[in-house]
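Numbering (the working numbering), first residue to last: 17 to 220. Glycine residues also receive a C-beta, built at the ideal position from the N, C-alpha and C atoms. Just so you know, these numbers come straight off a predicted model, no measurement behind them.
#1: Per DSSP, which one or two residues make a beta bridge with residue 142?
#2: Is the distance from the Cβ of residue 114 to the Cβ of residue 129 below 8 Å?
#3: Are the stretch 159-177 and the stretch 54-64 touching, with three or more C-beta to C-beta distances below 8 Å?
#4: Can you have a look at residue 135 and say buried or exposed, based on whether 16 or more other CB atoms are within 10 angstroms of its CB?
#5: Put residue 20 into one of helix, strand or coil per three-state DSSP.
#6: Considering just the uninterrupted stretch of the beta strand (DSSP E) at residue 29, what are its terminal residues?
#7: Cβ of residue 133 within 8 Å of Cβ of residue 112?
#8: Excluding the 5 residues flanking residue 139 on each side, which residues of the same chain have their C-beta closer than 7 Å to its C-beta?
#9: Along the chain, where does the beta strand (DSSP E) containing residue 51 start, and where does it finish?
#10: Out of 82, 126, 163, 161, which one is the CA nearest neighbour of residue 146?
#11: Please report the distance separating the alpha-carbon of residue 153 from that of residue 159.
#12: Would you report the Cα separation of residue 99 and residue 52, rounded to the nearest angstrom?
#13: Going by DSSP in three states, residue 93 sits in which element: helix, strand or coil?
#14: In this structure, how does DSSP classify residue 219 when only helix, strand and coil are distinguished?
#15: Residue 205 and residue 216: beta carbons closer than 8 Å?
#16: Hey, how far is the Cα of residue 182 from the Cα of residue 78?
#17: Assuming residue 26 contacts residue 180 (C-beta within less than 8 Å), just tell me the rounded distance between them.
#18: Could you tell me which of 97, 174, 150 sits nearest to residue 31, measuring between CA atoms?
#19: Taking 8 Å as the threshold (C-beta atoms), are residue 116 and residue 76 in contact?
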């Protein structure tokens, strides 16, 4: 399949649901705010915990990420009152909600956070602040680690149109068709590789 335009574009926030792996909430914005979920939630990443409505903001730079606290926040058990650069392994604590900064992929600036407490956001335990690409596959350095034997697949953002595409390194099925070349993702896209299914759900 050559690159093609599919209907139903994907917004700035979307979910990736992966069988036997879990859910990933992805933001394509330069920053996102984490806060309390609920009917009147105003944050981009609402979590079902004892948080302020807008508890922290994560802001991206050229090759770094900064946490900006708006309510009581601990990083590695120390309270943070000013903006602070966060790095791999940092533990962020907001009330009973806890997140861990995930290792960075050497070929991508995308930031990964994992909710290590019992909470979630839209049912997902993982949050990605996407910087142009998300890499999926069996390697432990990938943003999304799949089971053994799965070749890498890259989801990337077009710099011109801001549309999302995926680049498979092995044939992958999209609906009833087999894709071997770059193809565009759309809201509701379902990618199948062996016994693995990846579903895309736009939130915006």
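Answer, in terms of the structure:
#1: Looking at the DSSP assignment, residue 142 forms a beta bridge with 40, 130.
#2: no
#3: With a cut-off of 8 Å on Cβ pairs, the stretch 159-177 is not in contact with the stretch 54-64, counting fewer than three such pairs.
#4: Around the beta carbon of residue 135, 16 or more other beta carbons sit within 10 angstroms, so the residue counts as buried.
#5: Since pLDDT at residue 20 reaches only 39, below the 50 mark, its modelled position is unreliable, and the value read off the structure follows with that caveat. Here residue 20 sits in coil by DSSP.
#6: 29-34
#7: yes
#8: 39
#9: Looking at the DSSP string, the run of the beta strand (DSSP E) that includes residue 51 is 47-52.
#10: 126
#11: Rounded to whole angstroms, residue 153 to residue 159 spans 8 Å at the Cα level.
#12: If I take the Cα positions, the gap works out to 20 Å.
#13: coil
#14: Reduced to three states, the DSSP call for residue 219 is coil.
#15: Between residue 205 and residue 216, the gap from beta carbon to beta carbon is short of 8 Å.
#16: Distance between the alpha carbons of residue 182 and residue 78 is about 23 Å.
#17: 5 Å
#18: 150
#19: no
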